[in-house]
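Some notes on the structure that comes next.
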Ligand code: SF4
């Protein structure tokens, strides 16, 4: 295994051996450690001192089910904290098969040129593509590159938003069809890539050596055991493939936790029009794909391909959070309009969650009306065009609220709060407040016990037990994010006692280790501590681990609940 | 008494065609289990039940005007 270092100031690529300290790390554990070791916490995120670190998970590139998740790390332009943004697509598997532990992109070109980085068995080559690709959206970039290099290469690219270095710019990762439907969405890593002058990273794993495995038989057995756990679990094996993640719209709506009209209430009248059930019907009627894997080897296959009214491809990887953000949060109940917004975000290269929150904020401030789907589409198109208004929206929810003088701003550490109202789903509220990443539901997905009856039950409306719940999940998630396993594997891990041992067995068989369950917890804790120390050095204090005032002061109907977990209780999260 | 019932995901086919919710007339003291039987939801099926937006189970006793939502196991995120 090796680490490539790409210095964009000099245009130089060097190859390094993997330090002992990095050998047992992968995914988030590795990106966060490298960022903590090499990036000054006080640097400007789009300046030459920031670095973009790309790493596949520890199990990526093997036959382990659903293990092809990619981590990208940097200091976040959006939050100013350390950031790990996780995506599916085919990049992680190809990088791992090429024997690449991580790619570190540093420096900044002196000119305003844009480059592609081609990664293959011979190393990394940089090519000036300013003339061809400047100002292009992700769909066109991927098509052009695949027309030249074949459909099998994976492309990671930025759209216009990354070129403009906007704080909600994402990095697109191509799916198995070569389309930009999977993104390192959160935290503006696309702006860091743009600042480095990198338009696209092309990964070609032809003749790659593959991933070495110390004990093949043991690995196969453990991998089969995990696949069985996933397939036997009702959500991983049935719910996700059948309906995708938007199946959550109705259950959050029933539970009164579906943020509606920029977090004014927890129920949306139009919920049924945008539900996973409706989407599945529309997809079937139009000959799309209800079930799709974001990378080969996923057994849960929550992804989808959504066609327009004429049966032509419109978008893919249409997630619950996206449907919520452009649906309930903005009071739009037209699923085709929401799908169009998803498509625009994928093309321009902007985080759908941040955009859903920002458009909700813009509506609340009177820029356009709630429910105005055409107006919302126009705002997103303006992000790509780089108009002044588009740049405001593309800088995220916090920036938009400031530009228009709004005080109801659903962000933590300047990152937009996603699709679960923290007053009615208090466990995830604790995660939003305290995560090292800013408001991030995936960092400690307490929706499991709060709403879904997975991993036990904790009453979502009561403050009892929420800090412990979020703490346990945040630690476990940091470890899972290092393996390359999709976070949805956690549903099985929480409910089936055979699942975690299977994961540990695979790691031991692949790397010749003797890990036990306690080591996994220790890994999760140490990752979070590393990230938190970076944030403290960057100037963050416990005062930043708080929800915006209005969640504490305003009641959320229908349960009329406030966020009542005290500051001291929130601070208790870090007692470990 | 009358309660409003919504069934979701795979269970929605148990509702009359094109109906999102149904008003069900029940005897006083009925439970969620009576609702499940009314719709012929197989007894062995694992269910997630919300009554008035709060977590409930089959033994939860209903009252007039309640809003009942029944789901198979679902997840995402
Ligand atoms: S469950 Fe969904 S998001 Fe996760 S790896 Fe599979 S297709 Fe990708």
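Residue numbers (this note's numbering), protein chains in the order written: chain H, 1429 to 2004; chain V, 15 to 91. Here a beta-carbon is modelled for each residue, glycine too, at the ideal position from N, C-alpha and C.
What are the start and end residues of each continuous alpha helix (DSSP H) run of 4 or more residues lying completely inside the region 1853-1921 of chain H, in chain order? 1854-1862, 1894-1911
Would you list the residues sitting across from residue 1445 of chain H in a DSSP beta bridge? For the purposes of this step, residue 1445 of chain H is identified with residue 17 of the first chain, where counting begins at 1. Partner(s): H:1430.
Span of the alpha helix (DSSP H) around residue 1669 of chain H: In the first chain, residue 1669 of chain H corresponds to position 241, counting from 1. That run of the alpha helix (DSSP H) goes 1668-1671.
Opposing strand residues paired with residue 1612 of chain H [DSSP bridges]: Here residue 1612 of chain H is taken as the residue at index 184 of the first chain, counted from 1. In DSSP, residue 1612 of chain H forms a bridge with H:1599.
Could you name the residues that DSSP lists as bridge partners for residue 1501 of chain H? Counting from one through the first chain, the residue named residue 1501 of chain H turns up at place 73. DSSP output for residue 1501 of chain H lists H:1481, H:1512 as bridge partner(s).
Chain-ordered residues, beta carbon under 5 Å from a heavy atom of the ligand SF4: H:1494, H:1516, H:1721, H:1722, H:1726, H:1728, H:1730, H:1731, H:1914, H:1916
Taking a Cβ distance cut-off of 7 Å, strictly less, list which residues of the region 53-66 of chain V are near chain H, in chain order. 60, 62, 64
Same chain, Cβ closer than 8 Å to residue 1888 of chain H, five either side skipped, listed in chain order: On the first chain, position 460 is the one that residue 1888 of chain H refers to. Residues of the same chain with a CB within less than 8 Å of the CB of residue 1888 of chain H, apart from the 5 flanking positions on each side, are 1683, 1685, 1852, 1853, 1854, 1855, 1878, 1879 in chain order.
Can you find the residues in the same chain that come closer than 6 Å, C-beta to C-beta, to residue 1755 of chain H, ignoring five residues on each side of it along the sequence? The count along the first chain starts at 1 and reaches residue 1755 of chain H at position 327. 1702, 1766, listed in sequence order.
Determine whether the beta carbon atoms of residue 1972 of chain H and residue 1841 of chain H lie at a separation below 7 Å. For the purposes of this step, residue 1972 of chain H is identified with residue 544 of the first chain, where counting begins at 1. For the purposes of this step, residue 1841 of chain H is identified with residue 413 of the first chain, where counting begins at 1. Taking 7 Å as the Cβ cut-off, residue 1972 of chain H and residue 1841 of chain H qualify as a contacting pair.
Selected residue, minimal CA-CA separation from residue 1667 of chain H, among V:65, V:67, V:60: Numbered from its first residue, the first chain carries residue 1667 of chain H at position 239. Closest by alpha carbon: V:60.
Could you check the C-alpha separation between residue 1773 of chain H and residue 1794 of chain H for me, to the nearest Å? On the first chain, position 345 is the one that residue 1773 of chain H refers to. On the first chain, position 366 is the one that residue 1794 of chain H refers to. Near 22 Å, if we compare the C-alpha coordinates of residue 1794 of chain H and residue 1773 of chain H.
Would you kindly report the start and end of the unbroken alpha helix (DSSP H) that includes residue 1560 of chain H? Mapped onto the first chain, residue 1560 of chain H falls at position 132. In the DSSP annotation of this structure, the continuous segment of the alpha helix (DSSP H) that includes residue 1560 of chain H starts and ends at 1558-1561.
Tell me the DSSP bridge mates of residue 1827 of chain H? Mapped onto the first chain, residue 1827 of chain H falls at position 399. Per DSSP, none; premise fails for residue 1827 of chain H.
Residue 85 of chain V - partner residues in DSSP beta bridges: One-based indexing of the second chain puts residue 85 of chain V at position 71. Paired residues: V:62.
For the alpha helix (DSSP H) holding residue 21 of chain V, just list the boundary residues, first then last. Position 7 of the second chain, counted from the first residue, corresponds to residue 21 of chain V. Per DSSP, residue 21 of chain V belongs to no alpha helix (DSSP H); it is in the beta strand (DSSP E), 16-21.
By Cβ distance, which residues of its chain are closer than 6 Å to residue 1622 of chain H, with the 5 residues on each side in sequence left out? For the purposes of this step, residue 1622 of chain H is identified with residue 194 of the first chain, where counting begins at 1. Correct list, in chain order: 1586, 1590, 1591, 1593.
Count the C-beta pairs between the region 1610-1617 of chain H and the region 1656-1670 of chain H that are closer than 8 Å, then say yes if the count reaches three, no if not. no
Going by the beta-carbon positions, is the gap between residue 1998 of chain H and residue 1862 of chain H smaller than 7 Å? Numbered from 1 along the first chain, position 570 holds the residue referred to as residue 1998 of chain H. Numbered from 1 along the first chain, position 434 holds the residue referred to as residue 1862 of chain H. Closer than 7 Å, so yes.
So which residues of chain H does residue 87 of chain V contact, with C-beta pairs closer than 7 Å? One-based indexing of the second chain puts residue 87 of chain V at position 73. Result: 1662, 1663, 1667.
For the beta strand (DSSP E) containing residue 1988 of chain H, name the first residue and the last one. Counting from one through the first chain, the residue named residue 1988 of chain H turns up at place 560. First-last for residue 1988 of chain H: undefined, no H or E at that position.
How far does the alpha helix (DSSP H) with residue 1592 of chain H in it reach, from first residue to last? Within the first chain, numbered from 1, the residue matching residue 1592 of chain H stands at position 164. Where residue 1592 of chain H is concerned, there is no enclosing alpha helix (DSSP H), given that its DSSP letter is neither H nor E.
On the three-state DSSP scale, how would you describe residue 1848 of chain H? Taking the first residue of the first chain as 1, we reach residue 1848 of chain H at position 420. Three-state DSSP puts residue 1848 of chain H in coil, outside helix and strand.
Boundaries of the beta strand (DSSP E) in which residue 1718 of chain H is found, first to last residue: Numbered from its first residue, the first chain carries residue 1718 of chain H at position 290. Where residue 1718 of chain H is concerned, the enclosing beta strand (DSSP E) stretches over 1717-1720.
State yes or no: is the beta carbon of residue 83 of chain V nearer than 7 Å to at least one beta carbon in chain H? Mapped onto the second chain, residue 83 of chain V falls at position 69. It does: the Cβ of residue 83 of chain V has a partner Cβ on chain H nearer than 7 Å.
What does the Cβ neighbour count give for residue 1640 of chain H, buried or exposed, with the cut at 16 atoms within 10 Å? Position 212 of the first chain, counted from the first residue, corresponds to residue 1640 of chain H. By the beta-carbon neighbour count (other beta carbons within 10 angstroms, threshold 16), residue 1640 of chain H is exposed.
Option in H:1747, H:1899, H:1690, H:1525 with minimal Cα separation from residue 2003 of chain H: As a working mapping, residue 2003 of chain H is identified with position 575 in the first chain. The residue with the shortest Cα to Cα distance from residue 2003 of chain H is H:1899.
Between the Cα of residue 1611 of chain H and those of H:1473, H:1744, H:1996, H:1916, spot the shortest distance and give me the residue it belongs to. Within the first chain, numbered from 1, the residue matching residue 1611 of chain H stands at position 183. If we check each option's Cα against that of residue 1611 of chain H, H:1744 comes out closest.
For residue 1723 of chain H, which residues in chain V fall below 8 Å Cβ to Cβ? For this step, residue 1723 of chain H is matched to residue 295 along the first chain. Here the premise fails: no neighbours, minimum Cβ distance about 18 Å.
Write down every uninterrupted run of the beta strand (DSSP E) in the region 1737-1775 of chain H whose length is 3 residues or greater and which is fully enclosed by it, in chain order. 1741-1744
Straight-line CA distance for residue 70 of chain V to residue 63 of chain V? Along the second chain, read from residue 1 onward, the residue named residue 70 of chain V stands at position 56. Along the second chain, read from residue 1 onward, the residue named residue 63 of chain V stands at position 49. The straight-line gap separating the alpha-carbon atoms of residue 70 of chain V and residue 63 of chain V is approximately 5 Å.
What residues are listed by DSSP as bridge partners for residue 1949 of chain H? Taking the first residue of the first chain as 1, we reach residue 1949 of chain H at position 521. For residue 1949 of chain H, which the question treats as bridged, DSSP gives no partner whatsoever.
Nearest by alpha-carbon distance to residue 1597 of chain H: which of H:1633, H:1680, H:1692, H:1565 is it? In the first chain, the residue the question calls residue 1597 of chain H occupies position 169. Among H:1633, H:1680, H:1692, H:1565, the Cα nearest to that of residue 1597 of chain H is on H:1565.
What does DSSP give as the partner residue(s) for residue 1714 of chain H in the beta ladder? Counted from its first residue, the first chain places residue 1714 of chain H at position 286. Note: residue 1714 of chain H sits in no beta bridge, so no partner.
Residue 1542 of chain H in three-state terms, based on DSSP: On the first chain, position 114 is the one that residue 1542 of chain H refers to. Three-state result, residue 1542 of chain H: coil.
Please tell me whether residue 18 of chain V and residue 35 of chain V are closer than 7 Å, where the distance is taken between their beta carbons. Taking the second chain and counting its residues from 1, one reaches residue 18 of chain V at position 4. Taking the second chain and counting its residues from 1, one reaches residue 35 of chain V at position 21. In this structure, residue 35 of chain V lies closer than 7 Å to residue 18 of chain V by Cβ.
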